[in-house]
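In the working numbering, the protein residues as written are 549 to 876.
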């Protein structure tokens, strides 16, 4: 087997969590739940288990070794640093980015990282982007919405422009979609990560495509989490409506599905047909290996999924594509 680069794996850092507990209320905090495990809590909903691997890089490396992962590109997850006001948001970004930079310094052959930015405050975001790149960040992580705003909101344009000038990859990761906490699948634990997150990514990336984002920021390498959500499955349907709708403002001149070839995806899919469809709409040069660790994951199944592909495609997905995208 060729070496393996995990482009979808998370770390929090104790400094970030301490700040969240101190300043994130009432929306964000931690709590011990009925299964006797400590959870990150978002607006009253237990979002993710606080695993040791998310805070200790020595423990994370043990997990990587167990699952035959050679290099991890770590990123934060929801709620990222989008809470607490300007000063707190900027401090949260500084803490988590410094923690990840420290992980890379301690383990330069095993750890790389994606910067989190205080997107709602463009000047702060620009400064943190510059500082993070200087400290070794190989890209940026963003959630599918930021503080109730879509990624195409004009507030975020200066940050997108700075990222485009730097030519950096941006990993688009889901959070709970709009209305999720009022919806039935909030109470049904399996449906939020299984369906809700996929919907959140689908809507965010489709909106970017239709807004002309890919044409406007050609140097940004967009990476859609979890195989692009439902995008590969509904690409033909979106194209049909795009061709026939006579009311919507059209900011792109070709079918939106054609833009799926210009986006990258992780392989966190768990189904050979889903991976095959993702490869069909994007191409074998656009998919990279991911696990979602230390969140719930069946890493052996993810390895087997890639192992079932032709050798050249498997090698590209395991590490070759990531080396090109992240300039490793």
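By construction, the Cβ of each residue, glycine as well, lies at the ideal position given by its N, Cα and C atoms.
Tell me whether the beta-carbon of residue 643 lies closer than 8 Å to the beta-carbon of residue 695.
Working through the chain shown from its first residue, we reach residue 643 at position 95. Working through the chain shown from its first residue, we reach residue 695 at position 147. No, the pair does not count as a contact, with Cβ atoms beyond the cut-off.
Am I right that residue 779 and residue 796 are in contact with their C-beta atoms under 8 Å? What's the rounded C-beta distance?
Taking the chain shown and counting its residues from 1, the one referred to as residue 779 is at position 231. Taking the chain shown and counting its residues from 1, the one referred to as residue 796 is at position 248. The Cβ separation is near 18 Å, so there is no contact.
Residue range of the unbroken beta strand (DSSP E) whose run includes residue 756
The sequence position of residue 756 within the chain shown is 208, counting from 1. Run containing residue 756: none in the beta strand (DSSP E); it sits in the alpha helix (DSSP H), 745-758.
Taking Cβ positions only, does residue 645 come closer than 8 Å to chain B?
Included in the structure is just one protein chain, with no chain B present.
In chain order, what residues of the same chain have a beta carbon less than 8 Å from the beta carbon of residue 867, not counting five sequence neighbours either side?
In the chain shown, residue 867 corresponds to position 319, counting from 1. Closer than 8 Å at Cβ, skipping near neighbours: 550, 551, 552, 553, 618, 619, 837.
Euclidean distance between Cα positions of residue 824 and residue 633:
As a position in the chain shown, residue 824 is number 276, starting the count at 1. As a position in the chain shown, residue 633 is number 85, starting the count at 1. Taking the straight line from one Cα to the other gives about 43 Å.
Specify whether the region 579-587 and the region 709-725 touch according to this definition: at least 3 beta carbon pairs, one from each stretch, less than 8 Å apart.
no
With respect to the alpha helix (DSSP H) encompassing residue 707, which residues constitute its N-terminal and C-terminal limits?
Within the chain shown, the letter at position 159 stands for residue 707. First-last of the alpha helix (DSSP H) with residue 707: 705-714.
If I'm right that residue 677 touches residue 662 with Cβ under 8 Å, what's the distance once you round it to whole angstroms?
On the chain shown, residue 677 is found 129 positions in, with the first residue counted as 1. On the chain shown, residue 662 is found 114 positions in, with the first residue counted as 1. Contact doesn't hold; Cβ gap of about 11 Å is too wide.
DSSP beta-bridge partners of residue 814
Taking the first residue of the chain shown as 1, we reach residue 814 at position 266. Paired residue(s): 836.
Just mark residue 840 as buried or exposed, buried being the case when its beta carbon has 16 or more other beta carbons within 10 Å.
Position 292 of the chain shown, counting from 1, holds the residue named residue 840. Around the C-beta of residue 840, 16 or more other C-beta atoms lie within 10 Å, and the residue is accordingly described as buried.
Can you find the residues in the same chain that come closer than 8 Å, C-beta to C-beta, to residue 750, ignoring five residues on each side of it along the sequence?
Position 202 of the chain shown, counted from the start, is the residue given in the question as residue 750. Hits under 8 Å: 776, 777, 778, 779, 782.
Would residue 803 and residue 790 qualify as a contact pair, given that the criterion is a beta-carbon distance under 8 Å?
As a first step, residue 803 must be located in the chain shown, where it is residue number 255. As a first step, residue 790 must be located in the chain shown, where it is residue number 242. Contact flag set, yes.
Report the three-state DSSP secondary structure of residue 660 (helix, strand or coil).
One-based indexing of the chain shown puts residue 660 at position 112. In the structure shown, residue 660 sits in a strand (DSSP, three-state: E or B).
Report the rounded CA-to-CA distance for residue 604 versus residue 561, giving the unit in angstroms.
Counting from one through the chain shown, the residue named residue 604 turns up at place 56. Counting from one through the chain shown, the residue named residue 561 turns up at place 13. Distance between the alpha carbons of residue 604 and residue 561 is about 8 Å.
Where does residue 866 fall in DSSP's three states?
Along the chain shown, one-based indexing puts residue 866 at 318. In the structure shown, residue 866 sits in a helix (DSSP, three-state: H, G or I).
Quick check on the burial criterion: 16 or more other C-beta atoms within 10 angstroms. Buried or exposed for residue 794?
Position 246 of the chain shown holds residue 794. By the neighbour-count criterion, in which 16 or more other beta carbons inside 10 Å mark a residue as buried, residue 794 falls on the exposed side.
How would you call residue 648, buried or exposed, if buried means at least 16 neighbouring beta carbons within 10 angstroms?
Along the chain shown, one-based indexing puts residue 648 at 100. By the 10 Å Cβ count, residue 648 comes out buried.
8 Å CB neighbourhood of residue 809 in its chain, flanking five on each side removed
The residue given as residue 809 occupies position 261 in the chain shown. Same-chain partners within the cutoff: 829, 830, 831, 834.
Inter-residue spacing [alpha-carbon to alpha-carbon] between residue 806 and residue 798
By 1-based counting over the chain shown, the position of residue 806 is 258. By 1-based counting over the chain shown, the position of residue 798 is 250. Between residue 806 and residue 798, the alpha-carbon positions lie close to 15 Å from each other.
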